[in-house]
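Just below is one structure, and these are the notes that go with it.
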Amino acid sequence: MDIDLVYLWVDGNDPVWLTKKNEFLPADRQVDPQVAGECRYVENDELRYSLRSVEKYAPWIRRIYLVTDDQTPAWLDTSNPRVRVVSHREIMPAEILPVFNSCTIELFLPRIPDLAEHFLYANDDMFFSRPVDPGFFFDGQGRPIVRLKVQSLKKHDDDIYCHTILRMQDLVRARYGRCSSLAPHHNVDAYRRSDFLECCEIFQAELEHTKHARFRSRDDWQRALVLYYALARGRASLRKVTRFNKLHSPLRLLRAAFGSGCGSDSRCIPAYLPNLESIMKKYSPSLFCLNDDARMTDEDRTRVRAFLKTRFPEKSSFEK
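Counting with the numbering used here, you get residues 0 to 319 for the letters of the sequence shown.
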């Protein structure tokens, strides 16, 4: 089974890109800070270390696609046959470009030329931390493993993300009479291209707004719709994720009891926290995300880069 990995990437420090973005911002510039905050676009060099983690812990991945607005990291070795930079122009209609909304771009991921039927999707702030095999993402029948968690979304309906996830659940529930009420767990998501395309076709009318949305809004779709759709149709396998995965090995339980962690699937860590290494030691996740937000300072980013360089010191074959 061939499995590809897809990233979206943007260099938010590129003056050409910044000029373009500002040209298309609403005239009154009254864009919700949740959707247009600069932390969404800041380039902290995470992709370099994410690719190092892929090569070290998931070398079985066939090909890596980097979807960008005609940008390429200066350090990326594009002669490597296992990596390909894909322009927005290759997968999106010309009349809707440029787009600065990741939700819109994600809608067109299945259009990536030669993308495998089974593929993974990750943000560039997601890293592999332990060896994983294809069975971590797809079950024995080739179905995606969907990781969901308990989270009270309705209590945070004023938050754009929570509001959007609730709408995606409602869409699936209205059509199929059932949908998981669990929330997406931030990790590397697994998809089948055919499920993705079929879901977008079935909900075409509901997704029309997002196709033309240059910036994020409360009316956007969210790719979790594909996951909920696949679960409702029996085309995916649900894994409920808790703080520590419930493993039955006595050794694991003993380690957990003494505070050394029992190994979780993935962990989302606020990148501004000073104790990143101790958090990693406690949870020992297979995947981890360093979540950037408005609280991040330049000092924090310098510390994060040092942390990543220490954890992934070896240059990958994806670098010049």
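For every residue, glycine included, the Cβ atom is placed at its ideal position computed from N, Cα and C.
In the structure shown, what three-state DSSP assignment does P14 receive?
helix
Option in N43, P130, P14 with minimal Cα separation from K60
Note on identity: in this sequence residue 60 is Ile, with Lys being the wrong assignment. Minimum Cα distance to I60 is reached at P130.
With distances taken Cα to Cα, identify the nearest neighbour of L17 among L108, S49, P97, I2.
P97
Answer yes or no: do T103 and T209 have a C-beta to C-beta separation smaller than 8 Å?
yes
In whole angstroms, what separates the C-alpha of L289 from that of D124?
6 Å
Validate contact between the stretch 63-70 and the stretch 302-312 using beta carbons, cut 8 Å, 3 pairs:
no
Whole-number beta carbon distance between W74 and E318, since they are thought to touch under 8 Å:
5 Å
According to DSSP, D188 sits in a beta bridge with which residue or residues?
Y120
Which word fits M0, buried or exposed, when buried means at least 16 other C-beta atoms lie within 10 angstroms of its C-beta?
exposed
Say whether the stretch 157-169 touches the stretch 215-225, bearing in mind that this needs 3 or more beta-carbon pairs closer than 8 Å, one atom from each stretch.
yes
Please classify N290: does DSSP put it in a helix, a strand, or coil?
strand
In its own chain, which residues sit with a C-beta less than 6 Å from the C-beta of S315, not counting the 5 before and 5 after it?
L50, R51, E54
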